[in-house]
Amino acid sequence: ENVKRFWSPQLDVPVITINADWFQRGTPRLLKAAEELCEKINNT
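First residue of the sequence shown: 333, per the working numbering; consecutive thereafter.
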């Protein structure tokens, strides 16, 4: 949320935050990260 609060006033686009740990490791968590990202994009 801090990232969102910082960037939102400076950008004219939605800011989507996700759990970065899920993307940084090539494990099944990558699928969870992709699922979370897709859900947030669909809800924007």
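For every residue, glycine included, the Cβ atom is placed at its ideal position computed from N, Cα and C.
Computed from a predicted structure; not experimentally measured.
Can you list, in chain order, the residues of its chain with a C-beta nearer than 7 Å to that of residue i? Leave out the 5 residues immediately preceding and following it.
i	result
Lys-364	Trp-354
Are the CB atoms of residue i and residue j nearer to each other than 8 Å?
i	j	result
Val-347	Val-335	yes
Less than 8 Å between C-beta atoms, sequence neighbours within five positions excluded: which residues of the same chain meet that for residue i?
i	result
Ile-386	Residue numbering for the chain in the displayed model covers 333 to 376; residue 386 lies beyond these limits and cannot be assessed.
Trp-339	Val-347
Leaving aside the five residues before and after residue i along the sequence, list all residues of the same chain whose C-beta is less than 6 Å from its C-beta, in chain order.
i	result
Glu-333	none
Thr-376	Pro-346
So what's residue i in DSSP terms, helix, strand or just coil?
i	result
Leu-362	helix
Asp-353	helix
Glu-371	helix
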